[in-house]
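Trainee:
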Amino acid sequence: MEVKRAASNSDHLRCGKYEFEHVKEFTYLGSQLNQTNSTSTEIQARILSGNRCYYALWEINETKRVK
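First residue of the sequence shown: 173, per this note's numbering; consecutive thereafter.
1. Whose C-beta lies closer than 8 Å to the C-beta of Thr-213 among residues of the same chain, with five residues either side of it excluded?
2. Would Phe-192 and Leu-185 qualify as a contact pair, given that the criterion is a beta-carbon distance under 8 Å?
3. When DSSP builds the beta bridges, which residues end up paired with Cys-187?
4. Looking at the unbroken beta strand (DSSP E) that takes in Leu-201, where does it start and where does it end?
5. State the Cα-Cα distance for the pair Tyr-190 and Asp-183, rounded to the nearest angstrom.
6. So who's on the other strand from Glu-197, going by DSSP bridges?
Given below as structure tokens:
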């Protein structure tokens with residue numbers, strides 16, 4: 173993925189004999205990268221992931237308190 177502040181018009185990036193598809197965003201090692209380098213989507217995804225974990229364990233914690 174080419175990282176630029178302005179959107180690119182080309183569909184592929186060529187490097188030697190290799191050709192890479194141009195995408196708007198992708199996940200690399202758990203981090204979301206996009207073509208504008210904004211971190212707002214990354215932050216929102218991490219908050220959402222944390223909330224999912226917290227509320228998934230909520231029922232387990234409640235059942236342990238009842239005992």
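Glycine included, each C-beta is placed from N, C-alpha and C at the ideal position.
Mentor: On the basis of the data shown:
1. Closer than 8 Å at Cβ, skipping near neighbours: Glu-197, Gln-204 and Asn-206.
2. In contact: Phe-192 and Leu-185 (Cβ atoms closer than 8 Å).
3. For Cys-187, the beta-bridge partners assigned by DSSP are Tyr-190.
4. Following the DSSP letters along the chain, one finds Leu-201 in no beta strand (DSSP E), marked with neither H nor E.
5. For Tyr-190 and Asp-183, the distance between alpha carbons rounds to 14 Å.
6. DSSP lists Asn-206 as partners of Glu-197.
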